[in-house]
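Report on the structure given below.
There are 2 protein chains.
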Amino acid sequence: MSTTNTGFLEDFAAMSGFGATPGGGVDRQAGTPADHATRKWFGDWLARHGFAESLDEAGNQFGTLDLVPGAPYVLLGSHLDSQPLAGRFDGAYGVLAAAHAAARVAAEARAGELEPVCNLAVVNWFNEEGSRFTPSMMGSSVFTGKLPLRDALATTDPAGVTVAQALAAGHRRPDASAPVLADVARYAEIHIEQGRSLEEGGTQVGIVDRTWAASKYRVTVDGAQSHTGSTRMEDRRDALYGAALVISAARDLAAEFEPGLLHTSVSEMHVLPNSPVTIARQVVMNLDLRSPDEDVLARAMDLLGKWIGAAEERSRTDIALELTHRWGLVAYQPEGVALGRASAERLGFRHTEIMTVAGHDSTNLKDVVPTVMLFVPSVDGISHNEAEYTRDDDALRGVELLTEVARRLVRGDLAGLEPERPGR
Amino acid sequence: MSTTNTGFLEDFAAMSGFGATPGGGVDRQAGTPADHATRKWFGDWLARHGFAESLDEAGNQFGTLDLVPGAPYVLLGSHLDSQPLAGRFDGAYGVLAAAHAAARVAAEARAGELEPVCNLAVVNWFNEEGSRFTPSMMGSSVFTGKLPLRDALATTDPAGVTVAQALAAGHRRPDASAPVLADVARYAEIHIEQGRSLEEGGTQVGIVDRTWAASKYRVTVDGAQSHTGSTRMEDRRDALYGAALVISAARDLAAEFEPGLLHTSVSEMHVLPNSPVTIARQVVMNLDLRSPDEDVLARAMDLLGKWIGAAEERSRTDIALELTHRWGLVAYQPEGVALGRASAERLGFRHTEIMTVAGHDSTNLKDVVPTVMLFVPSVDGISHNEAEYTRDDDALRGVELLTEVARRLVRGDLAGLEPERPGR
Numbered sequence: 000m001s002t003t004n005t006g007f008l009e010d011f012a013a014m015s016g017f018g019a020t021p022g023g024g025v026d027r028q029a030g031t032p033a034d035h036a037t038r039k040w041f042g043d044w045l046a047r048h049g050f051a052e053s054l055d056e057a058g059n060q061f062g063t064l065d066l067v068p069g070a071p072y073v074l075l076g077s078h079l080d081s082q083p084l085a086g087r088f089d090g091a092y093g094v095l096a097a098a099h100a101a102a103r104v105a106a107e108a109r110a111g112e113l114e115p116v117c118n119l120a121v122v123n124w125f126n127e128e129g130s131r132f133t134p135s136m137m138g139s140s141v142f143t144g145k146l147p148l149r150d151a152l153a154t155t156d157p158a159g160v161t162v163a164q165a166l167a168a169g170h171r172r173p174d175a176s177a178p179v180l181a182d183v184a185r186y187a188e189i190h191i192e193q194g195r196s197l198e199e200g201g202t203q204v205g206i207v208d209r210t211w212a213a214s215k216y217r218v219t220v221d222g223a224q225s226h227t228g229s230t231r232m233e234d235r236r237d238a239l240y241g242a243a244l245v246i247s248a249a250r251d252l253a254a255e256f257e258p259g260l261l262h263t264s265v266s267e268m269h270v271l272p273n274s275p276v277t278i279a280r281q282v283v284m285n286l287d288l289r290s291p292d293e294d295v296l297a298r299a300m301d302l303l304g305k306w307i308g309a310a311e312e313r314s315r316t317d318i319a320l321e322l323t324h325r326w327g328l329v330a331y332q333p334e335g336v337a338l339g340r341a342s343a344e345r346l347g348f349r350h351t352e353i354m355t356v357a358g359h360d361s362t363n364l365k366d367v368v369p370t371v372m373l374f375v376p377s378v379d380g381i382s383h384n385e386a387e388y389t390r391d392d393d394a395l396r397g398v399e400l401l402t403e404v405a406r407r408l409v410r411g412d413l414a415g416l417e418p419e420r421p422g423r
Numbered sequence: 000m001s002t003t004n005t006g007f008l009e010d011f012a013a014m015s016g017f018g019a020t021p022g023g024g025v026d027r028q029a030g031t032p033a034d035h036a037t038r039k040w041f042g043d044w045l046a047r048h049g050f051a052e053s054l055d056e057a058g059n060q061f062g063t064l065d066l067v068p069g070a071p072y073v074l075l076g077s078h079l080d081s082q083p084l085a086g087r088f089d090g091a092y093g094v095l096a097a098a099h100a101a102a103r104v105a106a107e108a109r110a111g112e113l114e115p116v117c118n119l120a121v122v123n124w125f126n127e128e129g130s131r132f133t134p135s136m137m138g139s140s141v142f143t144g145k146l147p148l149r150d151a152l153a154t155t156d157p158a159g160v161t162v163a164q165a166l167a168a169g170h171r172r173p174d175a176s177a178p179v180l181a182d183v184a185r186y187a188e189i190h191i192e193q194g195r196s197l198e199e200g201g202t203q204v205g206i207v208d209r210t211w212a213a214s215k216y217r218v219t220v221d222g223a224q225s226h227t228g229s230t231r232m233e234d235r236r237d238a239l240y241g242a243a244l245v246i247s248a249a250r251d252l253a254a255e256f257e258p259g260l261l262h263t264s265v266s267e268m269h270v271l272p273n274s275p276v277t278i279a280r281q282v283v284m285n286l287d288l289r290s291p292d293e294d295v296l297a298r299a300m301d302l303l304g305k306w307i308g309a310a311e312e313r314s315r316t317d318i319a320l321e322l323t324h325r326w327g328l329v330a331y332q333p334e335g336v337a338l339g340r341a342s343a344e345r346l347g348f349r350h351t352e353i354m355t356v357a358g359h360d361s362t363n364l365k366d367v368v369p370t371v372m373l374f375v376p377s378v379d380g381i382s383h384n385e386a387e388y389t390r391d392d393d394a395l396r397g398v399e400l401l402t403e404v405a406r407r408l409v410r411g412d413l414a415g416l417e418p419e420r421p422g423r
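For the record, the sequence lines run as chains A and B.
Going by numbering that gives the first Met the number 0, 38 is the number at position 39 of the first sequence; the sequence numbering is gapless.
Going by numbering that gives the first Met the number 0, 221 is the number at position 222 of the second sequence; the sequence numbering is gapless.
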């Protein structure tokens, strides 16, 4: 049941064949055939390595290893779903690293090399990416009580398929035995950085101490249909022009602050009627603002509000913003950061504390369970792109680090920190 | 077989029920069930009024009335297809006006009230709008030899359905007896203005003397996918930001010229991957420039080329323009304009010569056949919008005018003008 470094790279190559794209990436959006094929492969891997596989109602896929009857779990995991035309590392690296780390620690415990106080479980969170079904981090949001299960299951993709329908096409039905939040004592996750700080700093691993704050909006621009040719320019109420002004304003907004203080983007857009001869009556798009400083987000939104007023006037449209998802600048538990740092030091890895700009399933978990979040470097910081890459030695160092963290969590090194549960 | 004004309004109301929308408009894009239902209704109308119905391979629907065995046709028509969520008048008004005018003139000829030298035919051109299948004016482009039939039939809509497949769902198959270009001696069309010049001038009818020049482009913006959150602003190659800069530049371009000298628009956009968490790698959109002065179009494109260079630099994207459709500033035959004017004068209608900004099927026909193009007022110039409206008295005056034009054409008043055929 023990695994080796060589085994990890071989497994990772095999897993990367599911949804593989010609450009060297993967395309396996949540609940698609490629995602289900990867989940099936992972379920088989778990079974081959002695894990009991189970699925919860939200589509989260677990593998459990019982070491101490009745004890809570140390849960390790990430997500196997991807963006369209994405890289092979985002999420998938962390799930496989979790599985290898858990298998090794369980083998050590069973060999009497460590004294476990917890059981071990790994998880593949459903739909972390949110590209097909919004919002992102869906499975871990349901698991942590932040999103009602029925809302998640009723969410539709652009073709009208619900999450419930997409999940029903998978390789197994939900199990009553799947872990629930109350069963989890500790959580750990490892992920590629998706930025270039570690690489630029010559650092081998990152211990995440905080997450950037993020505010996500739905922007609706309402204009009026008219003929693209014959309508006088001054008579137009062009929703696509209004949208273009918002996109430019969002970009200009980032330039109003010190570099690195504000990231803004618009990346998804739906135009009605989207005809070559009719001016758009409506555009619906997303707007994503992130900052390591919540005050910057507030100041940015004040400023953007004024600019949007000007865009409305200029384009003769009505522009409405609706907050759809946000998370604050919440620190990871300092004790967990200290445990991650001690683990890296024991292994002799060059390490640093680091903030995460991207959201992760651990963003949800850390709010309710003591959590350790780890990063490995991304070459050139490229992510959500087929060219996303993490070097083999970095990937293997990450597995070693997550294994050491899991060892310490399983033997109770984070004792005294009680999980915070919603409503308690 | 004669028709009355009351009959026209009743027929128009009945026809407007096909594809009717809650906002008082119609939605019957080319080859959809709503378009086919309207075509079937029109075919039945033709049969009830003594026309022989026929269809050509490009989906153009004809009704012929033989008065002079072997003589060529005076062809009257427009189109029944619409933009999505469009008005009831655009195209459909002209087809029904043509049918009523032809029926009346034929009845007069058969009653010995005029001496015909031509036969009469009406036409519903397939896919004038071009919203579902690009380019616009498809049926009349094939009929006049400007677009190969096989290219038209192979054109796909966004769902991958071809024109050939969409036409096969219609109420009848093509007929070998359908008129071809060589059978047509004269063409006349009446349409709503889709602008507000007639209304502002207190004029009742317009005789179109020229068409604005138009240049249409496909714009492709190539960037690179990356994470909307974690990618540093300076590392981004955001195709949607590049597209927004082009949309703004196109609008600013119009402001560089005297009001009314240049109309610009972008109205259709396809974003890849169109995900909320991934910066767009590619945007493909249209760009439509129109002017009553071909030199203005040339100067505008020079200027836009420079601005696009700046947009590429600012957004770190590559932006390519490809010309997809153009028509020049071609005059309608002065003899046809004179005949239209004389007809309006005989009826005592306040009239003016006017340019058309929008393209029409007559834009194609006038290049190869002596053509008379007529306008009736549009309230507030609203078009491609459910609120598009032409008052009953204006609509009826238009039918009267088209009838008078048809009378004169059928009795040979435009003698001496020979049709110009491509390749002759």
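By construction, the Cβ of each residue, glycine as well, lies at the ideal position given by its N, Cα and C atoms.
Small disclaimer: the values here were computed from a predicted structure and weren't measured.
If you draw a straight line from the C-alpha of residue i to the C-alpha of residue j, how long is it?
{"i": "Arg231 of chain A", "j": "Ser290 of chain B", "result": "11 Å"}
{"i": "Ala466 of chain B", "j": "Glu128 of chain B", "result": "Any property of residue 466 of chain B remains undetermined from this structure, which presents chain B solely from 0 to 423."}
{"i": "Arg426 of chain B", "j": "Ala238 of chain B", "result": "A query on residue 426 of chain B cannot be resolved here, the shown segment of chain B reaching from 0 to 423 and no further."}
{"i": "Met0 of chain B", "j": "Val104 of chain B", "result": "The predicted model places Met0 of chain B with a pLDDT of 35, which falls under 50 and marks its position as unreliable; any figure quoted below should be read in that light. Using only the alpha carbons, I get a separation of about 10 Å."}
{"i": "Glu417 of chain B", "j": "Gly159 of chain B", "result": "42 Å"}
{"i": "Lys145 of chain A", "j": "Trp40 of chain B", "result": "55 Å"}
{"i": "Phe17 of chain B", "j": "Gly90 of chain B", "result": "14 Å"}
{"i": "Ala279 of chain A", "j": "Met136 of chain A", "result": "32 Å"}
{"i": "Arg468 of chain A", "j": "Pro369 of chain A", "result": "This structure cannot speak to residue 468 of chain A, because chain A is shown only from 0 to 423."}
{"i": "Gly23 of chain B", "j": "Ala29 of chain B", "result": "19 Å"}
{"i": "Glu403 of chain B", "j": "Ser342 of chain B", "result": "6 Å"}
{"i": "Val329 of chain B", "j": "Asp251 of chain B", "result": "27 Å"}
{"i": "Gln203 of chain A", "j": "Ala394 of chain A", "result": "10 Å"}
From the DSSP output, which residues share a beta bridge with residue i?
{"i": "Tyr186 of chain B", "result": "B:Leu74 and B:Thr370"}
{"i": "Ile353 of chain A", "result": "A:Val207"}
{"i": "Glu52 of chain B", "result": "B:Gly62"}
{"i": "His383 of chain A", "result": "Looking at the DSSP assignment, His383 of chain A forms no beta bridge with any residue, so it has no partner."}
{"i": "Leu119 of chain B", "result": "B:Leu64 and B:Val73"}
{"i": "Arg410 of chain A", "result": "Arg410 of chain A pairs with nothing; no bridge assigned."}
{"i": "Cys216 of chain A", "result": "In the sequence under discussion, the amino acid at residue 216 of chain A is Tyr, which differs from the Cys named in the question. In DSSP, Tyr216 of chain A forms a bridge with A:Leu286 and A:Leu322."}
{"i": "Ile191 of chain A", "result": "A:Val375"}
{"i": "Thr263 of chain B", "result": "B:Leu288"}
Run through chain A and tell me which residues come within less than 7 Å of residue i, C-beta to C-beta.
{"i": "Asp234 of chain B", "result": "Gly380"}
{"i": "Ile246 of chain B", "result": "Leu239, Tyr240 and Ala243"}
{"i": "Ala165 of chain B", "result": "Correct list: empty, because the minimum Cβ distance to chain A is about 16 Å."}
What does residue i reach in chain B if we use C-beta pairs closer than 9 Å?
{"i": "Asp287 of chain A", "result": "Thr227, Gly228, Pro275 and Val276"}
{"i": "Leu84 of chain A", "result": "Gln224, Leu271, Pro272, Thr277 and Arg280"}
{"i": "Ser130 of chain A", "result": "Pro272, Asn273, Ser274, Pro275, Val276 and Thr277"}
Is the separation between the beta-carbon of residue i and that of residue j shorter than 7 Å?
{"i": "Leu338 of chain B", "j": "Glu399 of chain B", "result": "no"}
{"i": "Ser361 of chain A", "j": "Met372 of chain A", "result": "yes"}
{"i": "Ala151 of chain A", "j": "Thr161 of chain A", "result": "no"}
{"i": "Ser229 of chain B", "j": "Gly194 of chain A", "result": "yes"}
{"i": "Gly206 of chain A", "j": "Arg315 of chain A", "result": "In the sequence as presented, Gly is not what sits at residue 206 of chain A; that position holds Ile. Not a contact, by the Cβ cut-off of 7 Å."}
{"i": "Glu387 of chain B", "j": "Phe7 of chain B", "result": "no"}
{"i": "Ala96 of chain A", "j": "His383 of chain A", "result": "no"}
I want to verify the contact list: residues of chain B whose CB lies under 7 Å from the CB of residue i, in sequence order.
{"i": "Gln193 of chain A", "result": "His226 and Ser229"}
{"i": "Asn384 of chain A", "result": "Ala223, Gln224 and Ser225"}
{"i": "Thr133 of chain A", "result": "Pro275"}
{"i": "His262 of chain A", "result": "Gly228 and Met232"}
{"i": "Arg250 of chain A", "result": "Tyr240"}
Can you name the residues of chain A whose CB is closer than 8 Å to the CB of residue i?
{"i": "Met268 of chain B", "result": "Leu239, Met268, Val270 and Asn273"}
Run down chain B in chain order and give the residues with a C-beta less than 8 Å from the C-beta of residue i.
{"i": "Gly358 of chain A", "result": "Gly228"}
Review point. Quick one: complete beta strand (DSSP E) runs, 3+ long, within the stretch 280–348 of chain B?
Key: Within the stretch 280–348 of chain B, the complete beta strand (DSSP E) runs of at least 3 residues are 281–290 and 317–326.
Practice item. Would you mind listing the alpha helix (DSSP H) stretches within the stretch 150–186 of chain B that are 4+ residues and don't spill past its ends, in chain order? Key: 162–167
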